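Input: a single structure, listed below in structure tokens.
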Amino acid sequence: MSTASFANRDQIRAGFSRAMSHMYQQEVPLYGTLMELVAETNEGVFKHSPQVLDSLNKTGEIERLDMERHGAIRVGTPLELATLARLFAVMGMQPVGYYDLTPAGVPVHSTAFRAVHEDSLQVSPFRVFTSLLRLELIDNAALRAFAEQVLAKRSIFTPRVLELIEQSERDGGLNQADADEFIEQALETFRWHNTATVSLAEYQQLLAQHRLIADVVAFRGPHINHLTPRTLDIDTVQSNMPLRGITPKAVVEGPPRRQHPILLRQTSFKALQEPITFVGQGANESGSHSARFGEIEQRGAALTPKGRALYDQLLNTAREQLGEFPNEANAVRYAELLEAVFKDFPDDLQAMRQQGLAYFRYLPTDKGIAARSSELPLKDLEALIEAGHIDFEPLVYEDFLPVSAAGIFQSNLGDDAQSHYNASSNQQQFQHDLGRETINELQLYADTQRRSLLECSNQLRVPPLV
Ligand code: OOG
Ligand code: NI
Numbered sequence: 011m012s013t014a015s016f017a018n019r020d021q022i023r024a025g026f027s028r029a030m031s032h033m034y035q036q037e038v039p040l041y042g043t044l045m046e047l048v049a050e051t052n053e054g055v056f057k058h059s060p061q062v063l064d065s066l067n068k069t070g071e072i073e074r075l076d077m078e079r080h081g082a083i084r085v086g087t088p089l090e091l092a093t094l095a096r097l098f099a100v101m102g103m104q105p106v107g108y109y110d111l112t113p114a115g116v117p118v119h120s121t122a123f124r125a126v127h128e129d130s131l132q133v134s135p136f137r138v139f140t141s142l143l144r145l146e147l148i149d150n151a152a153l154r155a156f157a158e159q160v161l162a163k164r165s166i167f168t169p170r171v172l173e174l175i176e177q178s179e180r181d182g183g184l185n186q187a188d189a190d191e192f193i194e195q196a197l198e199t200f201r202w203h204n205t206a207t208v209s210l211a212e213y214q215q216l217l218a219q220h221r222l223i224a225d226v227v228a229f230r231g232p233h234i235n236h237l238t239p240r241t242l243d244i245d246t247v248q249s250n251m252p253l254r255g256i257t258p259k260a261v262v263e264g265p266p267r268r269q270h271p272i273l274l275r276q277t278s279f280k281a282l283q284e285p286i287t288f289v290g291q292g293a294n295e296s297g298s299h300s301a302r303f304g305e306i307e308q309r310g311a312a313l314t315p316k317g318r319a320l321y322d323q324l325l326n327t328a329r330e331q332l333g334e335f336p337n338e339a340n341a342v343r344y345a346e347l348l349e350a351v352f353k354d355f356p357d358d359l360q361a362m363r364q365q366g367l368a369y370f371r372y373l374p375t376d377k378g379i380a381a382r383s384s385e386l387p388l389k390d391l392e393a394l395i396e397a398g399h400i401d402f403e404p405l406v407y408e409d410f411l412p413v414s415a416a417g418i419f420q421s422n423l424g425d426d427a428q429s430h431y432n433a434s435s436n437q438q439q440f441q442h443d444l445g446r447e448t449i450n451e452l453q454l455y456a457d458t459q460r461r462s463l464l465e466c467s468n469q470l471r472v473p474p475l476v
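Spelled out as structure tokens, the structure:
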């Protein structure tokens, strides 16, 4: 079979992301409401901040905004994780980053499957935050053995999707008909099931150990637990949520509001309580489970290691000054502390660039292209920027933040779920279970920035700028 007849992996991902969003809107109507609110708020931003629209137009991001979303799942075994990596690879998604959530009392470690090249991200930036349960952290040996045995019995993939994954690996891709079938079959893994694989008593035991353990072990598959649209103004969406009957969590995770957003700000609404039929349940017994929620995110500039170190330091300072976990009662004070502490992070693109705090995409301007190499002394990037021949826009942060992710987990697990684990971070074990290494996200941003500089030097016919 020739490559020409293979469906494009980015298009498969875009199709899968659409199918997933469609399924989740039917399963959780509040997600649809949230999407409407986000779309309206984004329209408002375009009206009132033409410079935001201008910047999105310049980078082309405007085209991906409406389809942009991430989701999250949790799996129970190394085989499930490794097979997911193969499934996501069919759609051009690679495991990027390693997140250890145990310091925050959540017994998982995670990665994010996503596209890695800017051209692919432009077609579909769909990401899936994927967590693997660390069963070794269950201290009750009998319960751990029970959990292992329940997980060993399930298969979270349809037989047909496994065949299609193998076929894609063997042939180097899928034709369009097979790609369509792949999307349909892959979706089954992420579907909600209102029947559990354990009895109510067993479920309650797992729940008592940790809510998250019950969520992973008691069901047939890793139901998608949220899908998150991207907003351009998270504070407005947060304050308008109650008007649509949605109760948001108390604090927005991540950095404070800024003129030039950095990294990622997130907020969510509480998980729904949903009816479940447990094994052996009598006709008049009823059970329920809460796992699925809604979330929104606002994405800003990807930071360099130096910028990220400054972010981590400022976030820690604000949290130390708060002296406790951010919650409803201290939300206002926390916002004020963040605001004050983050004054030390320049809110000016030129300063962020010159101080090496963020990654940028460099773009030749019309003026620069018209001048081409006629102004030979201008060989240096700063001079070309100064002369208006090169423009720059920050690269969007495509990843996640462990402290924020822990806050999202916690708000949905309830405050009673705070456990303490002495476990150390174990990226090596995670990569072993995954069957491959996770990609360093910082390298990806550096590569994209470098490619944009090369493109500038080609277009302006000047020697390489990097
Ligand atoms: C994942 C929580 C993390 C995010 O956006 O940081 C997350 C989960 O609850 O499974 O989705
Ligand atoms: Ni999320």
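Going by the numbering used here, the first residue of the sequence shown is number 11, and it counts up by one from there.
Note that beta-carbon positions come from the ideal geometry of N, C-alpha and C, so glycine has one too.
Note that the structure is predicted; figures quoted are calculated from it, not measured.
Rounded C-alpha distance that separates residue i from residue j
i       : j       : result
Ala-152 : Ala-162 : 15 Å
Ile-74  : Arg-137 : Sequence inspection shows Arg at residue 74; the Ile mentioned does not correspond to that position. Between Arg-74 and Arg-137, the C-alpha separation is close to 13 Å.
Gly-317 : Leu-184 : 41 Å
Glu-50  : Arg-28  : 20 Å
Ser-120 : Ser-421 : 18 Å
Leu-320 : Asp-225 : 36 Å
Arg-240 : Gln-308 : 6 Å
Gln-248 : Thr-238 : 13 Å
Phe-167 : Met-77  : 26 Å
Thr-458 : Leu-282 : 39 Å
Ile-449 : Ala-293 : 50 Å
Glu-194 : Ser-298 : 28 Å
Glu-465 : Thr-375 : 12 Å
Arg-495 : Phe-279 : Here the chain covers residues 11 to 476 and nothing more, so residue 495 does not appear.
Asn-357 : Leu-273 : According to the sequence displayed, residue 357 carries Asp and not Asn. Distance between the alpha carbons of Asp-357 and Leu-273 is about 13 Å.
Pro-404 : Glu-198 : 37 Å
Thr-257 : Leu-66  : 30 Å
Ala-196 : Ala-361 : 45 Å
Val-261 : Gly-25  : 33 Å
Contact test: residue i Cβ vs ligand 1 heavy atom, cutoff 8 Å
i       : result
Phe-419 : yes
Phe-136 : no
Leu-411 : yes
Gln-276 : yes
Arg-240 : no
Asn-235 : yes
Phe-139 : yes
Ser-27  : no
Ala-415 : yes
Gln-330 : Rather than Gln, the amino acid found at residue 330 in this sequence is Glu. Not so, every heavy atom of ligand 1 lies at least 8 Å from the Cβ.
Val-83  : Per the sequence shown, the amino acid found at residue 83 is Ile instead of Val. The answer is yes for Ile-83.
His-299 : no
His-270 : no
His-80  : yes
heavy atom of ligand 2 below 8 Å from residue i C-beta
i       : result
Ser-31  : no
Ser-120 : no
Phe-279 : no
Glu-305 : yes
Bounding residues of the alpha helix (DSSP H) (the contiguous stretch that carries residue i)
i       : result
Val-55  : 39-58
Ala-151 : 151-163
Gly-317 : 315-332
Whole-number beta carbon distance between residue j and residue i, since they are thought to touch under 8 Å
i       : j       : result
Ile-223 : Pro-117 : 7 Å
Leu-325 : Val-227 : Contact flag wrong, Cβ pair sits at about 33 Å.
Gly-417 : Glu-263 : 4 Å
His-236 : Trp-202 : Not a contact, Cβ separation roughly 12 Å.
Leu-373 : Ile-400 : 7 Å
With 16 other Cβ atoms within 10 Å as the buried cut-off, status of residue i
i       : result
Ile-379 : exposed
Pro-266 : buried
Ser-134 : buried
Pro-473 : exposed
Leu-157 : Note that residue 157 is Ala in the sequence shown here, rather than Leu. Ala-157 should be labelled buried.
Pro-315 : exposed
Leu-253 : exposed
Pro-285 : exposed
Gly-398 : exposed
Bounding residues of the beta strand (DSSP E) (the contiguous stretch that carries residue i)
i       : result
Val-227 : Counting along the chain, Val-227 falls outside any beta strand (DSSP E), though it belongs to the alpha helix (DSSP H) covering 221-227.
Val-118 : 118-124
Glu-305 : 304-309
Leu-143 : 137-143
Glu-338 : Premise fails: Glu-338 is in no beta strand (DSSP E) and is neither H nor E.
Ser-298 : 297-300
C-beta neighbour in chain B for residue i, strict 9 Å
i      : result
Pro-39 : You won't find chain B in this structure, because it holds only one protein chain.
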